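Number of protein chains: 2
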Amino acid sequence: MESLFSARIKKVPRSFIREILKVSLDPEIISFAGGIPNPALFPLKELEAATAKVFAEKGAAALQYSNSEGVLALREQVAARYLHTHGFQIPVENILITCGSQQALDLLGKSLLDEGDRVLIEEPGYLGAIQSLSLFQPQFVPVPLAGDGVDTRAMAARLAEGAAKMFYCVPTFQNPSGLSYTESVVREVADLARKNNFLIVEDSPYGELRFRGERAPSFYQFLPEQTVLMGTFSKSVTPGFRIGWVVAPPVLQEKLLIAKQAADLHTSNFTQMILAQYLEDNDLDKHIEKIVKLYGKNCLMMEQVLAECFPAEVHFTKPDGGMFLWGELPEGMESMALFDYCLAEKVVFVPGEPFYTNNNPTRSFRLSFSCVNEASIREGIGRFVRGYNAYAASL
Amino acid sequence: MESLFSARIKKVPRSFIREILKVSLDPEIISFAGGIPNPALFPLKELEAATAKVFAEKGAAALQYSNSEGVLALREQVAARYLHTHGFQIPVENILITCGSQQALDLLGKSLLDEGDRVLIEEPGYLGAIQSLSLFQPQFVPVPLAGDGVDTRAMAARLAEGAAKMFYCVPTFQNPSGLSYTESVVREVADLARKNNFLIVEDSPYGELRFRGERAPSFYQFLPEQTVLMGTFSKSVTPGFRIGWVVAPPVLQEKLLIAKQAADLHTSNFTQMILAQYLEDNDLDKHIEKIVKLYGKNCLMMEQVLAECFPAEVHFTKPDGGMFLWGELPEGMESMALFDYCLAEKVVFVPGEPFYTNNNPTRSFRLSFSCVNEASIREGIGRFVRGYNAYAASL
Numbered sequence: 001m002e003s004l005f006s007a008r009i010k011k012v013p014r015s016f017i018r019e020i021l022k023v024s025l026d027p028e029i030i031s032f033a034g035g036i037p038n039p040a041l042f043p044l045k046e047l048e049a050a051t052a053k054v055f056a057e058k059g060a061a062a063l064q065y066s067n068s069e070g071v072l073a074l075r076e077q078v079a080a081r082y083l084h085t086h087g088f089q090i091p092v093e094n095i096l097i098t099c100g101s102q103q104a105l106d107l108l109g110k111s112l113l114d115e116g117d118r119v120l121i122e123e124p125g126y127l128g129a130i131q132s133l134s135l136f137q138p139q140f141v142p143v144p145l146a147g148d149g150v151d152t153r154a155m156a157a158r159l160a161e162g163a164a165k166m167f168y169c170v171p172t173f174q175n176p177s178g179l180s181y182t183e184s185v186v187r188e189v190a191d192l193a194r195k196n197n198f199l200i201v202e203d204s205p206y207g208e209l210r211f212r213g214e215r216a217p218s219f220y221q222f223l224p225e226q227t228v229l230m231g232t233f234s235k236s237v238t239p240g241f242r243i244g245w246v247v248a249p250p251v252l253q254e255k256l257l258i259a260k261q262a263a264d265l266h267t268s269n270f271t272q273m274i275l276a277q278y279l280e281d282n283d284l285d286k287h288i289e290k291i292v293k294l295y296g297k298n299c300l301m302m303e304q305v306l307a308e309c310f311p312a313e314v315h316f317t318k319p320d321g322g323m324f325l326w327g328e329l330p331e332g333m334e335s336m337a338l339f340d341y342c343l344a345e346k347v348v349f350v351p352g353e354p355f356y357t358n359n360n361p362t363r364s365f366r367l368s369f370s371c372v373n374e375a376s377i378r379e380g381i382g383r384f385v386r387g388y389n390a391y392a393a394s395l
Numbered sequence: 001m002e003s004l005f006s007a008r009i010k011k012v013p014r015s016f017i018r019e020i021l022k023v024s025l026d027p028e029i030i031s032f033a034g035g036i037p038n039p040a041l042f043p044l045k046e047l048e049a050a051t052a053k054v055f056a057e058k059g060a061a062a063l064q065y066s067n068s069e070g071v072l073a074l075r076e077q078v079a080a081r082y083l084h085t086h087g088f089q090i091p092v093e094n095i096l097i098t099c100g101s102q103q104a105l106d107l108l109g110k111s112l113l114d115e116g117d118r119v120l121i122e123e124p125g126y127l128g129a130i131q132s133l134s135l136f137q138p139q140f141v142p143v144p145l146a147g148d149g150v151d152t153r154a155m156a157a158r159l160a161e162g163a164a165k166m167f168y169c170v171p172t173f174q175n176p177s178g179l180s181y182t183e184s185v186v187r188e189v190a191d192l193a194r195k196n197n198f199l200i201v202e203d204s205p206y207g208e209l210r211f212r213g214e215r216a217p218s219f220y221q222f223l224p225e226q227t228v229l230m231g232t233f234s235k236s237v238t239p240g241f242r243i244g245w246v247v248a249p250p251v252l253q254e255k256l257l258i259a260k261q262a263a264d265l266h267t268s269n270f271t272q273m274i275l276a277q278y279l280e281d282n283d284l285d286k287h288i289e290k291i292v293k294l295y296g297k298n299c300l301m302m303e304q305v306l307a308e309c310f311p312a313e314v315h316f317t318k319p320d321g322g323m324f325l326w327g328e329l330p331e332g333m334e335s336m337a338l339f340d341y342c343l344a345e346k347v348v349f350v351p352g353e354p355f356y357t358n359n360n361p362t363r364s365f366r367l368s369f370s371c372v373n374e375a376s377i378r379e380g381i382g383r384f385v386r387g388y389n390a391y392a393a394s395l
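Protein chains in written order, with full-length UniProt numbering: chain B, 1 to 395; chain D, 1 to 395.
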């Protein structure tokens, strides 16, 4: 059987996150590892009401095959939301509904990447993107992150070595670092894309979850003709519906549509119709306010407890939104080794390795603050520091 | 932008079926083209009841991220159904839930196919499989269908020319032909697979929709260790939920799971939970009986009207189940040319071309009998014959 496997699938590692999630099932473990939204904030009653309406008003049409582009009413809601939040006029024809924004990566990989094509990616970068795109056997070209976004000087240097097809990035509340790009970095990257003819794939799963600071710039403002926008309702409404979207120029959209059709014909029109109904009947801004309030409180609390408990040589980012903090250990330490000490103390996080394309040991790690509270933060960070101290003492 | 496209996506044709579906939106057109189930038979009330239960009993868990394998209760239902319908003991671990069975093709392509790998496929064969697998740039090796299944002598000859990685087939009520494999053909193909070490991918979207004859054999009976089973609830319950599955040996299942995770993390647990609840609370056999009764009646009626109206030199298959009839025109005619004459008479069908991998003109065409009734059959076939006569007169 193994002799029948493709070259591509042999190279894709099993996700470390999956392994951590299994460990996290132990109820005694406090987990800062997950990347999942807080289920207490799901609009359960509202979605139930929207579902009842869809059954009553759409009937069998909600259960039949549908088009590959997605349900029109939902695509119109996505367009209306871009206008509302960003002032972008996006034609509905440029919006394709996907099974979570994760699927947009798969469709983009299929439409754009041949083996060996160069893909610029943030370092550290979203591990789901690394996993998804790696199936198309590109050459990943990592570009380090600085405090104000991706390092544009490093990017220019990498481009001088060879052309790239695309740059995948999460410029607002980046996963895993929580950092956001400044406008000047966005402008510089857009300039590089214009001059070097590569696509910018701007993923924004957390962009609306801002608890401090000003609205971040988007590449779409500066280079719409070369920007692909990815979005999702997973963090703002529910991940269980598996609904995301991708905005692309028409000539690319046509290819994405072919890839979508080949992948799964279409995303569930049943869940699309429910979501469209929910968005029509409810104020998403108000719902997001609730999420932001809780995550902001948690983040602040975590920053405070980390500052109290950890020695100054362990550094943490201070995100303005999203779900993640990013930590860095002093030189000589490795986050994977720390993981084992912390697991012994019954607290887990995500070591930095899966966010890098080179699999080298790292000193960094990700902490999520979406599904915790004051008690679990205090207890969990307490355990974390005990694990850290035990690791430090072992060196 | 075009310079950035991958080689694979440039080669995948836009689906002709999509174009036909657009034409079919004209309410004056009678369509025998669709491959969709009859929406009048969707268990709307029962699914509504199951949905209410899921909201009440699962709550936020139905809306949260879930595992990539699929919801356990649903996988258990799939396993129980194989035991009930086929007597197969299939471990739940070997079952992966997919977004329609279409997605299983994508995951198999990713896990098995490198560029140039040989894929045996029925000729004519399921166009969605041709489209999906073509993204992985295999070399399709078409093997013609005979009345009793695939032509095993031709298959042996093609295997003598070079090894193949897999054989994709729909052995029961095949799409597009409506034909079914006999047990001796299944045994012979299984022998060829054993000797030549290729996987048999047995897709069975219509297998349960039998209105005459005996239960068909499955490759799983004769060569389980090299057989992959694909299934779907799209034809038996609802396509709008986008739920299918793939059964594979553990070593392959592990790869499919990685591909699934990279593709979209997981299939909607919300729709999976509703479907599992529906299956727990209802008798699927009884529901399928209703579908079979209607499709059987329609098929018989269509056969009768075709026999009455068409000259004997136009041949039609006589399927024992499923949703399709397959016709063949006399030599010297082409179904694509016939299509235009029929469109002028406001009746459409699917010409044979998209079911072949070589894009040559064909004499064959597919008629669907799932969404018609006595009136539309009589009127539609009447128009069809007028189109046929006009075309014949033009030659």
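Yeah, the Cβ is synthetic: ideal placement off N, Cα and C, and Gly gets one too. Just so we're clear, the structure is a prediction, and the values are computed from it rather than from any experiment.
- Your pair leucine 4 of chain B and leucine 112 of chain D checks out as a contact, with CB atoms roughly 6 Å apart and the cut at 8 Å.
- The beta carbon of glycine 116 of chain D is closer than 8 Å to those of Gln137, Pro138, Gln139 in its chain, skipping five residues each way along the sequence.
- When rounded, the separation of the alpha-carbon atoms in lysine 297 of chain B and glycine 231 of chain B is 25 Å.
- The bridge partners DSSP lists for isoleucine 97 of chain B are B/Trp245.
- In the DSSP assignment, serine 364 of chain B falls within the unbroken beta strand (DSSP E) covering 364-368.
- A distance of 9 Å or more separates the beta carbons of valine 237 of chain D and tyrosine 206 of chain D.
- It is roughly 22 Å from the alpha-carbon of leucine 275 of chain D to the alpha-carbon of glycine 87 of chain D.
- Between valine 228 of chain D and glutamate 202 of chain D, the C-beta gap is smaller than 9 Å, which places the two residues in contact.
- Listed in chain order, the positions of the region 120-133 of chain B with a beta carbon within less than 7 Å of a beta carbon of chain D are Gln131, Ser132.
- Annotation for lysine 235 of chain B: Pro37, Pro205, Tyr206, Leu209 place their beta carbon closer than 7 Å to its own, counting only its chain and skipping 5 residues before and after.
- Annotation: Cβ neighbours of isoleucine 9 of chain B in chain D (cutoff 7 Å, chain order): Lys110, Ser111, Lys255, Ile258, Ala259.
- Across the set B/Val143, B/Ala73, B/Leu199, B/Val246, the C-alpha of B/Val246 shows the shortest separation from the C-alpha of glutamine 102 of chain B.
- Taking the beta carbon of asparagine 269 of chain B as reference, the chain D residues within 8 Å of it are Gly240, listed in sequence order.
- Contact fails between the region 375-392 of chain B and the region 37-56 of chain B, because fewer than three Cβ pairs, one in each stretch, are under 8 Å apart.
- Valine 347 of chain D is positioned such that its CB atom lies closer than 9 Å to that of glycine 387 of chain D.
- Taking CB atoms only, proline 330 of chain B has no neighbour in chain D less than 9 Å away.
- For aspartate 203 of chain D, the enclosing beta strand (DSSP E) begins and ends at 199-203.
- Around isoleucine 36 of chain B, the beta-carbon contacts reaching into chain D at under 8 Å are Gln64, Tyr65.
- Residue state for serine 66 of chain D is assigned as coil, using DSSP reduced to three classes.
- Looking at the DSSP output, isoleucine 30 of chain D sits in a beta bridge with D/Val347.
- In terms of Cβ geometry, alanine 262 of chain D and valine 12 of chain B form a close pair [threshold 9 Å].
- Following the DSSP letters along the chain, one finds alanine 79 of chain D in no beta strand (DSSP E) but inside the alpha helix (DSSP H) bounded by residues 72-86.
- Under the DSSP assignment, valine 119 of chain D falls in the beta strand (DSSP E) whose first and last residues are 118-123.
- Bridge pairing for leucine 325 of chain B: B/Leu367 [DSSP].
- Contact with chain B is absent for histidine 287 of chain D, since none of that chain's Cβ atoms lies less than 9 Å from the residue's Cβ.
- Of the candidates D/Asn358, D/Gln77, D/Ile20, D/Asp148, the residue whose Cα lies closest to the Cα of cysteine 342 of chain D is D/Ile20.
- Put simply, the backbone Cα of methionine 333 of chain D is about 13 Å away from that of aspartate 340 of chain D.
- In terms of beta-carbon proximity, serine 234 of chain B lines the interface with chain D, with at least one pair separated by less than 9 Å.
- Proximity of asparagine 359 of chain D to chain B, defined by a Cβ-Cβ separation below 9 Å, is not satisfied.
- Scanning its chain for C-beta atoms nearer than 6 Å, with the 5 sequence neighbours on each side dropped, one finds around alanine 73 of chain B the residues Ala276, in chain order.
- Its chain contains Val12, Ser15 as the residues whose beta carbon lies nearer than 7 Å to that of glutamine 131 of chain B, once the 5 sequence neighbours on both sides are disregarded; these appear in chain order.
- Taking 9 Å as the cut-off, the beta carbon of lysine 110 of chain D is found closer than this to the beta carbon of isoleucine 9 of chain B.
- Residue pairing from DSSP places phenylalanine 140 of chain B in a beta bridge opposite B/Val119.
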